[in-house]
DNA sequence: ATCCCGAGGG
DNA sequence: CCCTCTGGAT
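Structure representation (structure tokens):
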């Protein structure tokens, strides 16, 4: 696909920008990243990971004990509960390890397809699906890769049909980079951007 | 459809 | 002030 080549050329260093050193840390960082910037997540996780080195450490703590470490990220009550329950499930049902299938990951609190796809793709190199976050959803619709009225699930299905499976993880990172650097939610800064000029000069200004 | 929610940019 | 940020549960 021509768009894929152009994205590769423009964003050769596109990658996961959440900081982590183990699969369970990536899982936690991804849960925390909901409606938050990766910068804000990366600012909080060093102290969090130091205080709770293993899944068992979260399972043995209460959500209230986790909250102070993630308060600056926002949505912290829901996220503290999700992290606690997800890590407890790892200990009780998965031998303390992050499971490697979509079906198993979806049983964890705070984990839906977007988070599961991030973990499978980046920690295990498994392209089970396509990461559709706010950037990927927006860009897919602006670039005409999916109908503008499509749900997140539909967008994922369209992307999986359009792009080779082996490229899914990398392609999601490139779309996210493009969404953060050029084709932004607010109006966009598409002037002079190669991708926007060639594939989608439709970064229309936000209504009103 | 609503709620959760702090930080950062405009 | 307003909007957005690698969503998910109810």
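In the working numbering, the protein residues as written are 1254 to 1461.
Cβ coordinates follow ideal geometry from the N, Cα and C atoms, glycine included.
Contacts around residue i, its chain only, beta-carbon distance under 7 angstroms, and the 5 residues preceding and following it disregarded
i: residue 1375; result: 1269, 1279, 1422
i: residue 1295; result: 1271, 1272
i: residue 1405; result: 1385, 1390
8 angstroms contact criterion, which residue i and residue j should meet: CB distance rounded
i: residue 1266; j: residue 1298; result: Wrong, their Cβ atoms sit about 21 angstroms apart, outside the cutoff.
i: residue 1351; j: residue 1277; result: 5 angstroms
i: residue 1396; j: residue 1432; result: So it is not a contact: roughly 11 angstroms between Cβ atoms.
i: residue 1264; j: residue 1377; result: About 23 angstroms; that fails the 8 angstroms criterion.
Rounded straight-line distance, which links the Cα of residue j to that of residue i
i: residue 1440; j: residue 1453; result: 13 angstroms
i: residue 1367; j: residue 1385; result: 6 angstroms
i: residue 1275; j: residue 1284; result: 14 angstroms
i: residue 1387; j: residue 1381; result: 19 angstroms
i: residue 1411; j: residue 1383; result: 10 angstroms
i: residue 1357; j: residue 1349; result: 13 angstroms
i: residue 1303; j: residue 1309; result: 13 angstroms
i: residue 1330; j: residue 1449; result: 39 angstroms
i: residue 1403; j: residue 1355; result: 22 angstroms
i: residue 1323; j: residue 1341; result: 18 angstroms
i: residue 1360; j: residue 1371; result: 15 angstroms
i: residue 1282; j: residue 1420; result: 23 angstroms
i: residue 1438; j: residue 1291; result: 16 angstroms
i: residue 1451; j: residue 1347; result: 47 angstroms
Contact set for residue i: own chain, Cβ-Cβ below 6 angstroms, skip 5 residues either direction
i: residue 1362; result: 1335, 1338, 1339
i: residue 1394; result: 1401
i: residue 1293; result: 1326
i: residue 1458; result: With a pLDDT of only 42 at residue 1458, under 50, the local geometry of the prediction cannot be trusted, and no value is derived from it.
i: residue 1424; result: 1416
Close Cβ partners of residue i (< 8 angstroms) along its chain, the five nearest in sequence each way excluded
i: residue 1461; result: The predicted model places residue 1461 with a pLDDT of 29, which falls under 50 and marks its position as unreliable; any figure quoted below should be read in that light. Counting only Cβ-Cβ distances below 8 angstroms, and skipping sequence neighbours, we find nothing.
i: residue 1314; result: 1305, 1337
i: residue 1320; result: 1329, 1330, 1333
i: residue 1353; result: 1373, 1377, 1379
i: residue 1307; result: 1277, 1349
i: residue 1413; result: 1382, 1383, 1421
Check whether residue i and residue j have beta carbons under 9 angstroms apart
i: residue 1317; j: residue 1333; result: yes
i: residue 1364; j: residue 1390; result: no
i: residue 1398; j: residue 1260; result: no
i: residue 1287; j: residue 1343; result: no
i: residue 1254; j: residue 1428; result: no
i: residue 1312; j: residue 1262; result: no
i: residue 1289; j: residue 1326; result: yes
message = Runs of 4 residues minimum, wholly inside the region 1387-1416: which ones carry the alpha helix (DSSP H) assignment?
response = For the region 1387-1416, whole alpha helix (DSSP H) runs of length 4 or above, ordered along the chain, are 1387-1395, 1405-1415.
Minimum length 4: unbroken alpha helix (DSSP H) runs contained in the region 1320-1389:
1329-1346, 1355-1358, 1366-1377
Segments assigned alpha helix (DSSP H), at least 4 residues, entirely inside the region 1263-1326:
1276-1285, 1291-1304, 1308-1312, 1316-1323
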